[in-house]
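Numbering (this note's numbering), first residue to last: 14 to 238.
Glycine included, every Cβ here is placed at the ideal spot set by N, Cα and C.
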């Protein structure tokens, strides 16, 4: 059997995969599942606008189950991915609090998927209140968590090159969340605003997960007897 260079490289990489590689892959796959589900449901729903309609309102449509699955998958996989950061970053001030908040962030995504928002103009329900409160908490948790992580990134040679980006993503996240205090669902581009907010989160998770995967593949494989 002839093995091409591409297949040979994939085989070589697969032999170097370890527990941290799989934790990193969880962080890579989670956001992708969410984006695919959101876009598929959005484009398949007549009269739904990615610009004007909120992300949460998509769950109320016939295709909304795709978005629900996306939130649940991303929440679960982010929880797994965070453990990769726990064991692969040199710890500095704020590290453990950062990891704790990141775990709560992942749990919050699970709650957002499990509890749907209330339709606009209807009476508040317990399910809708839980969804709304969790959504606000999640969007605050993310920037605070990664800002607390920046001292550890700065002090670790393997992660130092992501320090400035993480700082910028954290500041942007805070700015976007504070901007939400002045926005309401009736704003014509509220859906676009929310997707920018979520994109900042997703891109950071992807970048850091790819970095973790790269570092995991550099580890010396355990000898086999």
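### Task
Could you tell me how far apart the beta carbons of residue 111 and residue 158 are, in whole angstroms, since I believe they sit closer than 8 Å?
The Cβ separation is near 5 Å, so the contact holds.
ask   = Hey, quick one: how far does the alpha helix (DSSP H) through residue 70 stretch, first residue to last?
value = Secondary structure note for residue 70: it is in no alpha helix (DSSP H), with a DSSP letter that is neither H nor E.
With distances taken from CA atoms, which of 41, 34 and 185 is nearest residue 155? Closest option to residue 155, Cα to Cα, is 185.
**Prompt:** What's the call for residue 221, buried or exposed, on a 16-neighbour Cβ count within 10 Å?
**Reply:** Its Cβ being crowded by 16 or more others within 10 Å, residue 221 is buried.
- Relative to the C-alpha of residue 88, which residue among 44, 229, 102 and 131 is closest? It is 44 whose Cα lies nearest to the Cα of residue 88.
Problem - Residue range of the unbroken alpha helix (DSSP H) whose run includes residue 33 - result: Per DSSP, residue 33 belongs to the alpha helix (DSSP H) from 32–57.
Among 85, 104, 52 and 72, whose alpha-carbon lies nearest the alpha-carbon of residue 168?
If we check each option's Cα against that of residue 168, 104 comes out closest.
Taking only the alpha-carbon atoms, compute the straight-line gap between residue 137 and residue 145 and give it to the nearest angstrom. Each residue's Cα considered, the two are about 10 Å apart.
Between the alpha carbons of residue 174 and residue 59, how many angstroms are there, rounded?
Residue 174 and residue 59 have their C-alpha atoms roughly 44 Å apart.
Residue 86 and residue 80: beta carbons closer than 8 Å?
With respect to residue 80, residue 86 sits apart: the two C-beta atoms are not nearer than 8 Å.
Taking the alpha-carbon positions, what's the residue 37 to residue 149 distance? Each residue's alpha carbon lies about 27 Å from the other.
**Study point:** Segment limits, alpha helix (DSSP H) that includes residue 229
**Key:** Counting along the chain, the unbroken alpha helix (DSSP H) around residue 229 starts and ends at 203–230.
* To do: Keeping to the same chain, check which residues put their C-beta closer than 7 Å to that of residue 121; ignore five residues upstream and five downstream.
  => The beta carbon of residue 121 lies closer than 7 Å to those of 147, 150, 151 and 154 in the same chain, with the five residues before and after it left out.
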